[in-house]
Amino acid sequence: MELLKTKALTHSNYLYLLIAGIVLISFNLRPAITSLGPLVGMIQEDVGLAHWSAGLLMSLPLLVFAVMSPLVPKIAARLTNERTLLIGLTSLLIGITIRSIAIPVLLFTGTLLVGLGIAIGNVLLPAVVKERFPKKFGLMTSVYSTSMGLVASLASGISVPLAVDWDLGWQGAQIVWGLPVIIALILWGFLFKYRDEGKSGNQQKQRTSSKQMWRSSLAWQIAIFMGFQSFSFYVTISWLTEILHSHGINLEMAGWLLSFTQLVGLPASFVIPVLAGRFQSQVWISFFLGLFAVLGYSGLLFGSTYPVLIVSIIFIGIALGGSFPLALTYIGLRTQTGQQTAALSGMAQSTGYVLAAIGPLFIGYLYDLTHAWTVPLVLLIVVSVVLTVFGMLSGRDRYV
Numbered sequence: 008m009e010l011l012k013t014k015a016l017t018h019s020n021y022l023y024l025l026i027a028g029i030v031l032i033s034f035n036l037r038p039a040i041t042s043l044g045p046l047v048g049m050i051q052e053d054v055g056l057a058h059w060s061a062g063l064l065m066s067l068p069l070l071v072f073a074v075m076s077p078l079v080p081k082i083a084a085r086l087t088n089e090r091t092l093l094i095g096l097t098s099l100l101i102g103i104t105i106r107s108i109a110i111p112v113l114l115f116t117g118t119l120l121v122g123l124g125i126a127i128g129n130v131l132l133p134a135v136v137k138e139r140f141p142k143k144f145g146l147m148t149s150v151y152s153t154s155m156g157l158v159a160s161l162a163s164g165i166s167v168p169l170a171v172d173w174d175l176g177w178q179g180a181q182i183v184w185g186l187p188v189i190i191a192l193i194l195w196g197f198l199f200k201y202r203d204e205g206k207s208g209n210q211q212k213q214r215t216s217s218k219q220m221w222r223s224s225l226a227w228q229i230a231i232f233m234g235f236q237s238f239s240f241y242v243t244i245s246w247l248t249e250i251l252h253s254h255g256i257n258l259e260m261a262g263w264l265l266s267f268t269q270l271v272g273l274p275a276s277f278v279i280p281v282l283a284g285r286f287q288s289q290v291w292i293s294f295f296l297g298l299f300a301v302l303g304y305s306g307l308l309f310g311s312t313y314p315v316l317i318v319s320i321i322f323i324g325i326a327l328g329g330s331f332p333l334a335l336t337y338i339g340l341r342t343q344t345g346q347q348t349a350a351l352s353g354m355a356q357s358t359g360y361v362l363a364a365i366g367p368l369f370i371g372y373l374y375d376l377t378h379a380w381t382v383p384l385v386l387l388i389v390v391s392v393v394l395t396v397f398g399m400l401s402g403r404d405r406y407v
């Protein structure tokens with residue numbers, strides 16, 4: 008009897024550590040990207056980068072995500088999810104370290120490794136949650152997506168204070184984000200040593216699952232939903248400040264409003280996956296999130312008063328804050344096994360980050376052509392409608 012109690016306690020402790028490990032992974036999936044934007048000016052001045060090179064520095068991780076996402080499930084099928092996550096964390100740590108050296112080739116090499124490490128975590132985290140917490144997938148998705156958003160916002164906000172007020176420079180402000188990676192590496196090393204051995208997935212089964220996923224209409228609906236969600240998010244992050252400035256809001260205030268847009272989405276980021284997990288169909292959730300997006304971008308297009316703009320960015324924040332975790336939730340709810348979840352995650356995120364990389368450049372190109380934000384905002388409204396349609400299709404009670 009005592010032996011059974013010890014085993015139960017050990018398993019319980021393992022699950023608590025696993026939850027902590029999942030949260031720690033989520034902590035590390037955005038800061039290495041979101042902390043870089045506010046420091047780009049310092050990096051350009053110190054390293055001597057042209058504007059196009061600085062733009063590439065920001066887009067490179069997204070391109071790596073798009074290329075690597077379909078490959079990650081195949082790697083995990085050979086090595087197990089835990090070992091692959093350890094490789095991803097190691098790549099992320101090396102990338103952050105190399106990127107802090109003021110030499111262009113090391114700056115870009117480090118950014119490449121950062122993208123590789125984050126891509127692995129992006130794809131495998133839903134699969135780990137699906138395997139370990141199949142009945143609590145919505146709740147666990149809420150926990151890690153909200154953690155991801157919170158730390159991402161924090162990283163954007165404190166990068167310049169770390170570099171300037173704490174006198175760490177842009178290099179030190181980057182190295183700081185290696186500390187949570189080290190903690191995650193230690194914990195996942197422990198989890199790997201004591202992992203449950205029962206289920207590890209057959210390599211051929213994984214290959215078959217991956218091939219079939221690209222032929223599934225439902226998988227494509229989820230992929231398109233995630234793709235246009237990513238398009239809207241990265242366009243908003245890149246250009247909302249300039250759009251608000253065109254309405255007469257000074258740049259400093261516009262920057263704070265961009266942060267506010269991300270923060271106001273955090274409650275939706277937590278609540279939406281929990282709600283989605285309680286219902287077999289999520290069609291109505293997608294409809295309301297899409298409606299918020301349409302109303303928000305329409306407010307930016309037609310509104311001119313300060314209150315209308317504030318309400319508009321609140322709507323946009325709720326829509327973007329809820330759509331991303333809903334897309335992650337679909338990946339788990341529309342699949343039946345961890346292998347399927349990994350395959351769908353890789354496919355959907357590959358599509359998503361292709362559109363994410365294209366979005367800010369294309370919207371900027373439209374602005375250069377028209378010298379106004381009218382056409383870009385009309386396009387964002389159209390994208391929001393498409394996002395709503397594919398979100399509702401993805402929300403039907405079906406499996407890939």
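Sequential numbering from 8 applies to the sequence shown in the numbering used here.
Glycine included, C-beta positions come from ideal geometry on N, C-alpha and C.
Considering only residues of the same chain and omitting the five flanking positions on each side of residue i, which have a CB-CB separation below 7 Å?
i, result
"Arg403", "Ser288 and Val290"
"Thr116", "Ile105"
"Ala7", "Given that the chain is displayed from residue 8 to residue 407, the structure contains no residue 7 and the question cannot be resolved."
"Gln51", "Ala61"
"Ser305", "Ile388"
"Val299", "Correcting the residue identity first, residue 299 is Phe in this sequence and not Val. Closer than 7 Å at Cβ, skipping near neighbours: Phe322, Ile325 and Ala326."
"Gly366", "Phe238, Tyr241 and Val242"
"Tyr21", "Tyr201"
"Thr68", "In the sequence under discussion, the amino acid at residue 68 is Pro, which differs from the Thr named in the question. Taken in chain order, the residues that qualify are Ile40, Thr118, Val121, Gly122 and Ile125."
"Leu258", "Thr248 and His252"
"Asn88", "Leu131, Ala134 and Val135"
Could you tell me how far apart the beta carbons of residue i and residue j are, in whole angstroms, since I believe they sit closer than 8 Å?
i, j, result
"Ser293", "Thr395", "6 Å"
"Thr118", "Gly102", "7 Å"
"Phe144", "Gly339", "4 Å"
"Phe331", "Gln228", "No, Phe331 and Gln228 are not in contact; Cβ-Cβ is about 16 Å, not under 8 Å."
"Val278", "Val392", "Actually they are not in contact, since the Cβ atoms of Val278 and Val392 sit about 24 Å apart, beyond 8 Å."
"Phe341", "Arg405", "The residue asked about is misnamed: residue 341 is Arg in this sequence, not Phe. That pair is a contact at about 7 Å."
"Ala109", "Val188", "With a Cβ gap of about 21 Å, Ala109 and Val188 do not count as contacting."
"Leu56", "Pro111", "7 Å"
Among residues of its own chain, excluding the 5 on either side of residue i, which ones have a beta-carbon nearer than 8 Å to its beta-carbon?
i, result
"Val47", "Ala61, Leu64 and Met65"
"Gly179", "Ser107, Leu169, Ala170 and Trp173"
"Leu194", "Leu24, Ala27, Gly28 and Leu31"
"Leu376", "Val382"
"Ile190", "Leu31"
Counting only beta-carbon atoms, is residue i nearer than 8 Å to chain C?
i, result
"Gly55", "In the structure shown, chain C does not exist; there is a single protein chain."
Go through its chain and collect everything with a Cβ distance to residue i's Cβ below 6 Å, but skip five positions before and after it.
i, result
"Gly205", "Caution applies to Gly205, whose pLDDT of 41 falls short of 50 and renders its modelled position unreliable; the value that the coordinates give is listed next. Same-chain partners within the cutoff: there are none."
"Ile29", "Tyr151"
"Leu146", "Val281"
"Gly324", "Thr268, Val271 and Gly272"
"Val167", "Pro45"
"Ser276", "Ser152, Thr153, Gly156, Gly328 and Pro332"
"Ser401", "Gln228, Ile229, Phe232 and Tyr337"
For the alpha helix (DSSP H) containing residue i, name the first residue and the last one.
i, result
"Asn20", "Glu9 to Phe34"
"Ala159", "Phe144 to Val167"
"Ile325", "Tyr313 to Leu340"
"Thr118", "Pro111 to Arg139"
"Gln228", "Ser224 to Ser253"
"Thr268", "Leu258 to Val271"
"Gln356", "Gly345 to Thr377"
"Phe294", "Val290 to Phe309"
"Leu100", "Asn88 to Arg106"
"Ala170", "Careful: Ala170 lies outside any alpha helix (DSSP H) and carries neither H nor E."
"Ser391", "Thr381 to Ser401"
"Pro187", "Leu186 to Lys200"
"Pro38", "Pro38 to Thr41"
"Ile179", "According to the sequence displayed, residue 179 carries Gly and not Ile. Note, Gly179: alpha helix (DSSP H), Gly176 to Ile182."
"Gln287", "That residue, Gln287, is in no alpha helix (DSSP H); it is neither H nor E in DSSP."
"Val407", "Run containing Val407: none; DSSP gives neither H nor E here."
"Phe48", "In the sequence under discussion, the amino acid at residue 48 is Gly, which differs from the Phe named in the question. It spans Val47 to Val54 - the alpha helix (DSSP H) in which Gly48 sits, taken as one unbroken run."
### Query
Taking three-plus beta-carbon pairs below 8 Å as touching, is the segment 64-76 in contact with the segment 353-367?
yes
### Message
Whether or not the segment 235-246 and the segment 123-134 are in contact is what I'm after, with contact meaning three or more pairs of Cβ atoms, one per stretch, closer than 8 Å; do they touch?
### Response
no
#### Entry: Inter-stretch contact at 8 Å, needing at least 3 Cβ pairs: the segment 245-258 / the segment 308-327
yes
#### Entry: Touching by the beta-carbon criterion (3+ pairs, under 8 Å), the segment 379-389 and the segment 256-276
no
### Query
Given 8 Å as the limit, is there contact between the segment 21-38 and the segment 153-173, that is, 3 or more CB pairs closer than that?
yes
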